[in-house]
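Below: the structure, in structure tokens.
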Ligand SMILES: Nc1ncnc2c1ncn2[C@@H]1O[C@H](COP(=O)(O)OP(=O)(O)OP(=O)(O)O)[C@@H](O)[C@H]1O
Ligand SMILES: Nc1ncnc2c1ncn2[C@@H]1O[C@H](COP(=O)(O)OP(=O)(O)OP(=O)(O)O)[C@@H](O)[C@H]1O
Ligand code: SF4
Ligand SMILES: [Mg+2]
Ligand SMILES: [Mg+2]
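Residue numbers (our numbering), protein chains in the order written: chain W, 1 to 329; chain D, 1001 to 1336.
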């Protein structure tokens, strides 16, 4: 592939949960790379394994149910799966910043946000308390919280949803990490603040060569910010390509379904929007073969044998199920 | 037509504490003089910068909070000062659904209990009737009957949002405040939920106040759209008009920031410079004019920046910092 070694490489990751119904795979052989200074987008419907993939990388799977069964996570040349817990605590927040999907779970509801932000600096840098406090105000300003000197004394519930999300972003970016894993970072933000935050991340990428894994269901955000996109379905990567190819020449029926169901500004008002029929099967019921065929109610050998994941054009990979894979004319 | 909901000059202020001693140092003027009507069967979309007061407005309308001043009339009746008890019969007409279906559903109750609860509170029917009603509601929102005996955590985000919708329509309300109901959902589920909301509206003649950040979604579902900036509505018009012909500078900036789902068209945005204004001690004059450092800002101090009707049905804040000179002329004339 490329001559430059990627910052992060995930190889054949398999993550499972220990449940009453047995050991169920939520992530089933996922591979991708993130290059320095680049942004990788992960899209896919709810429950397809995006967050579990992220949590596997930083080793924050719910315990004791969640387990990485196989695969490597190579970060700056070392396998994070083999790092000790103490090493991982330093990596998280230091070299890898994480923006969690649910801001309220990341923020402590009974602690002022200033105290929480300062903690990040105190834990990962050599700043004094006073410097950390100042740096926290500066971070709040960077993520466009108005009147940060006053807001820093607030408790999380005193902030609007979008402000809480920005505090979370501030925490993840505080220590200028090499990699930021952002799980739905801008869902609660209005488009202008979203644009500013995405710009801020781009700026940091340019200045410090930071890499980003962006998990989102907003295809518009993907189109504007990502270099490469991974489309996940039912725990697997069904398509992976440079961003332009995903939008211009989607090769998998699932990717096309996602693109079609998004309302656009020129969709007639109050018309019925296209949807993807059916539902993703539960983890316990997933077939070994093509899972999108399963959803479409197809039967036969396609459900038994896992489709090959092939490189159709340079850098454009897709599961070549005979029903779901199609080259546009 | 008589409006179903009529909000007049509504204000909602919260005290703030600050400094090292956390003394009271002012107020967050979260909603600062909003007037808005919603007709029966109409959807009004509400958009605006994060923290501009959308949720606060929604909560004040359903009387989850006590407004600081102003009035709210529902179905011709002033409900601004109704206490908990007096509000109760009205709760059945006035519902709210939230962004986070997880947080808003009581995790210890089964889905049946969650949907049945409003029916019980309002003493509707006997238990056999309610049982059947819950089954109907589940079917109506596209969930299997078996869902009734399960618990919220067993469902995906989209399914939980359907549970929230089933609960909200259980009492056949007239108005539902939808606070970012689809923001947390992925696109395919989002389109299913939007289709459902539109169908229910047709069947039941529902009105919606629809709060969201995704402007394509808002346009799709709304008849009219209100744009809010720092506690005030700055533009209000027919949904097509506001997207095709925005008149307020903030609306223009907002529309230009919509992410473009086509990587070839990564476009030039009007990036908003300047400090984001704070609802704590906001600028004395035009908030947006102050933000962009408009040369006419000083003039707007003490000026009435209320809405003016530029074209029939197209309202915009009469603010010289935010309008073209021609529109400003027009706005001034229409108000005098
Ligand atoms: N603690 C858990 N125990 C059992 N199964 C789990 C657990 N956490 C997640 N799962 C399952 O793993 C699968 C992947 O979930 P994941 O949270 O990664 O989805 P996601 O793609 O992030 O979805 P969303 O867009 O809703 O955030 C789902 O089927 C989910 O039900
Ligand atoms: N209980 C409260 N106490 C103090 N301030 C509050 C309270 N609730 C809201 N606010 C403040 O009121 C303002 C408006 O908040 P609101 O939640 O209405 O914004 P919003 O428009 O819904 O934003 P978002 O799009 O981020 O959800 C914010 O400055 C917020 O911090
Ligand atoms: S950055 Fe802050 S929140 Fe994240 S791990 Fe470090 S101290 Fe904890
Ligand atoms: Mg997730
Ligand atoms: Mg809100």
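We put the beta carbon where it would ideally sit given N, CA and C, even for glycine.
When C-alpha distances from residue 47(W) are compared across 1136(D), 1116(D), 1117(D) and 1159(D), the shortest belongs to 1159(D).
Spanning the alpha carbons of residue 1081(D) and residue 1208(D) requires a straight line of approximately 22 Å. Bridge partners of residue 1208(D) according to DSSP: 1043(D) and 1176(D).
Taking every protein chain shown into account, the CB of residue 1301(D) has fewer than 16 other CB atoms within 10 angstroms, so this residue is exposed.
The three-state reading of DSSP puts residue 1098(D) in coil, since its state is none of H, G, I, E or B.
Put simply, the region 64-72 of chain W does not touch the region 239-250 of chain W. Fewer than three CB pairs are less than 8 Å apart. Considering only 143(W), 167(W), 189(W) and 239(W), the residue with the shortest C-alpha distance to residue 204(W) is 143(W). Residue 13(W) places its beta carbon less than 7 Å from that of residue 30(W). For residue 89(W), the enclosing alpha helix (DSSP H) covers residues 85-90. Placement of the Cβ of residue 292(W) at a distance of 6 Å or more from every heavy atom of ligand 1 is found. Using beta-carbon distances, residue 1319(D) does not count as an interface residue toward chain W, since no partner is under 7 Å. Taking a C-beta cut-off of 8 Å against chain W, the contacting residues of the region 1248-1260 of chain D are 1253, 1254, 1257, 1258, 1259 and 1260, listed in chain order.
Residue-level contact by beta carbon fails for residue 164(W) and chain D, as no gap is shorter than 7 Å. Sequence-distant partners of residue 1222(D) (beyond 5 residues in either direction) whose C-beta falls short of 7 Å from its own C-beta, in its chain, are 1043, 1044, 1045, 1210 and 1239.
With fewer than 16 neighbouring CB atoms inside 10 Å of its own CB, residue 1153(D) falls in the exposed class.
DSSP, reduced to helix, strand and coil, places residue 242(W) within a strand of the structure shown. Rounded to whole angstroms, residue 232(W) and residue 83(W) show a C-alpha spacing of 27 Å. Counting only Cβ-Cβ distances below 8 Å, residue 161(W) has contacts in chain D at 1050, 1055, 1099 and 1180, in chain order. For the pair residue 172(W) and residue 98(W), the CB atoms are nearer than the 7 Å cut-off. In this structure, the C-beta of residue 1157(D) approaches ligand 1 to less than 6 Å from one of its heavy atoms. Of the heavy atoms belonging to ligand 2, none sits nearer than 6 Å to the Cβ of residue 1216(D).
Within a 10 Å sphere around the beta-carbon of residue 23(W) sit fewer than 16 other beta-carbons, which makes this residue exposed. By the Cβ neighbour-count rule, residue 1298(D) is exposed, with fewer than 16 other Cβ atoms within 10 Å of its own. Taken from the Cβ of residue 26(W), at least one heavy atom of ligand 1 lies inside 6 Å.
At least one CB atom of chain W sits nearer than 7 Å to the CB of residue 1220(D).
Residue 29(W) carries a strand assignment under DSSP once its states are collapsed to helix, strand and coil. DSSP lists 1227(D) and 1316(D) as the bridge partner or partners of residue 1235(D). At a C-beta separation below 7 Å, residue 1213(D) has these neighbours in chain W: 189, 190 and 191. Remark: the C-beta of residue 51(W) is in contact range of ligand 4, defined as less than 6 Å to any heavy atom. Remark: C-beta atoms of residue 160(W) and residue 36(W) do not approach each other more closely than 7 Å. DSSP places residue 1069(D) in no alpha helix (DSSP H) but in the uninterrupted beta strand (DSSP E) bounded by 1069-1074.
Not a single heavy atom of ligand 2 lies less than 6 Å from the C-beta of residue 1166(D). Per DSSP, the continuous beta strand (DSSP E) segment holding residue 233(W) begins and ends at 228-233. By the Cβ neighbour-count rule, residue 78(W) is exposed, with fewer than 16 other Cβ atoms within 10 Å of its own. Spatial neighbours of residue 156(W) in its own chain (CB-CB distance under 6 Å, excluding positions within 5 residues in sequence) are listed in chain order as 107, 109 and 164. Taken in chain order, the complete alpha helix (DSSP H) segments of 4 residues or longer contained in the region 238-282 of chain W are 243-248 and 253-260.
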